[in-house]
Each structure stands twice: as C-alpha cells, then as structure tokens.
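Peer 1: Quick note, the sequence shown lines up with residues -9 to 174 if you use this note's numbering.
Glycine residues also receive a C-beta, built at the ideal position from the N, C-alpha and C atoms.
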Amino acid sequence: MATGERSTINRSVLDWKVTLMDTGLNTMTGGRLRRLAPLLKYETFMCTYGDGVSNIDLNKLVEFHKDHGKLVTMTLARPSARFGVVETGEKNNVKAFREKPVDSEGWVNAGFFVMEPKFLKYIKGDSTVLERDPLELAAKDGELMAYHHEGFWKCMDMKKDVQELQKMWDSNEAPWKLSDAKIK
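1) According to DSSP, is Leu134 part of a helix, a strand, or is it coil?
2) Helix or strand or just coil, what does DSSP make of Pro165?
3) As a quick exercise: from Lys150, Lys50 and Leu110, pick the residue whose alpha carbon is nearest that of Arg24.
4) Mapping DSSP to helix, strand and coil, what is Asp19?
5) Counting C-beta neighbours from all protein chains within 10 Å, is the total for Tyr112 16 or more, i.e. buried, or is it exposed?
6) Rank Asp131, Pro69 and Asp41 by C-alpha distance to the C-alpha of Phe102 and give the top, closest one.
7) Using 10 angstroms around the beta-carbon of Pro124, count the other beta-carbons present and answer buried if the total reaches 16, otherwise exposed.
8) Check this for me: beta carbons of Thr19 and Leu120, under 7 angstroms apart or not?
Right, here's the structure in full:
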C-alpha cells in the first residue's frame, strides 16, 4: 500500500473503486462510517461488517433500496440453529432430528447494508455503535427498511465457522462462489 502499486491475479479488471482507510483501533462501527463521510457524501453506498458470507444478489438488493427511497436497507437472513433440533413424542420417542437447521422462526441482521449519505447524520462520533442509536433512530424515523434474503448466509465469528466455510469452498459446495463466467 505504501507504493500505490496495484495488481490483479488471474482476473479481468473489474470496474471497482476500493479505498482503504485506517479509522483507528478503538473506533466503533458507526464511528468508522462517520470517518468515511467525506468520501461517501455524494452517492448511495454499501457496507458490510466483513465477517459474513452470502450469495445475496447485490443488484436486487440495490434495486430494492432505490425503490423504497429510505435512508438505509438492512439485509436480513435466517441463521442456522446453533444446535441440532430434536422433536419428541409423548413417550419420549424421537420423532425427528435435524442437525443445525436453518431457523424458520426469526430473522437476523446479516450485516449487508445499502445506505444514503444523509444517514451519516445519525452517527455522532467515534464511540457510536452503528447497531445502537443510528439504526435504532433510523427505524424510529421510518428510514430503515429490511431486505429479506432467503438464500445462503453464514457468519464466521469463530474458528469453527471459518473451518466450515473453508471446507465448503474446498469441496466446491460454496453457494456464494461464482464462476469466472459470472464475473463480468
């Protein structure tokens, strides 16, 4: 990064702009966005925590965001249950067992957002946690919309998550993996 040198390995050059910025070791999630405000002030932008893997159709996500006209779109996903689910009968017989099924009951913040620059006014400073005041206030003001993603999503918060995702990648069973033909 010090030299400004760029390289591409086995890929055609994509029309992306990537900016890396040191926002400080102790800056919270909202504060990081706030520090980027000078770069984000003119157009719709996307952000993610970077600890989730998904096959979200980003074009559909952005289209959904543009259609509703609010400041923020938060992608929601159904998480896998942490443990296997067991269904029993009256005599304690096991009627069904499902190992870590996708939770059909609830939705969670999947960590993929589309935002308008005006949302940044909800962020006060470095100590602001994005998931607290900014998103809570945007919801209260009717400026937060939910995009329900029914496809693959998995967080990689722990070493075992990374290992599971790596195993999927290595065995060519990664739902988020795109072929070179789709990357154009």
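Peer 2: According to the data block:
1) Here the question's residue 134 lines up with position 144 in the sequence shown. Leu134 falls in the strand class under three-state DSSP.
2) Mapped onto the sequence shown, residue 165 falls at position 175. The answer is coil: DSSP assigns Pro165 none of H, G, I, E or B.
3) Position 34 of the sequence shown, counted from the first residue, corresponds to residue 24. That would be Leu110, whose Cα lies nearest to the Cα of Arg24.
4) Within the sequence shown, the letter at position 29 stands for residue 19. One detail in the question is off: residue 19 reads as Thr in this sequence, not Asp. Helix.
5) Numbered from 1 along the sequence shown, position 122 holds the residue referred to as residue 112. Answer is buried; the Cβ neighbour count reaches 16.
6) Walking along the sequence shown from the start, residue 102 turns up at place 112. Closest by alpha carbon: Asp41.
7) Residue 124 sits at position 134 when you count from the first residue of the sequence shown. Label assigned to Pro124: buried.
8) Stepping through the sequence shown from its first residue, residue 19 is reached at position 29. Stepping through the sequence shown from its first residue, residue 120 is reached at position 130. In contact: Thr19 and Leu120 (Cβ atoms closer than 7 angstroms).
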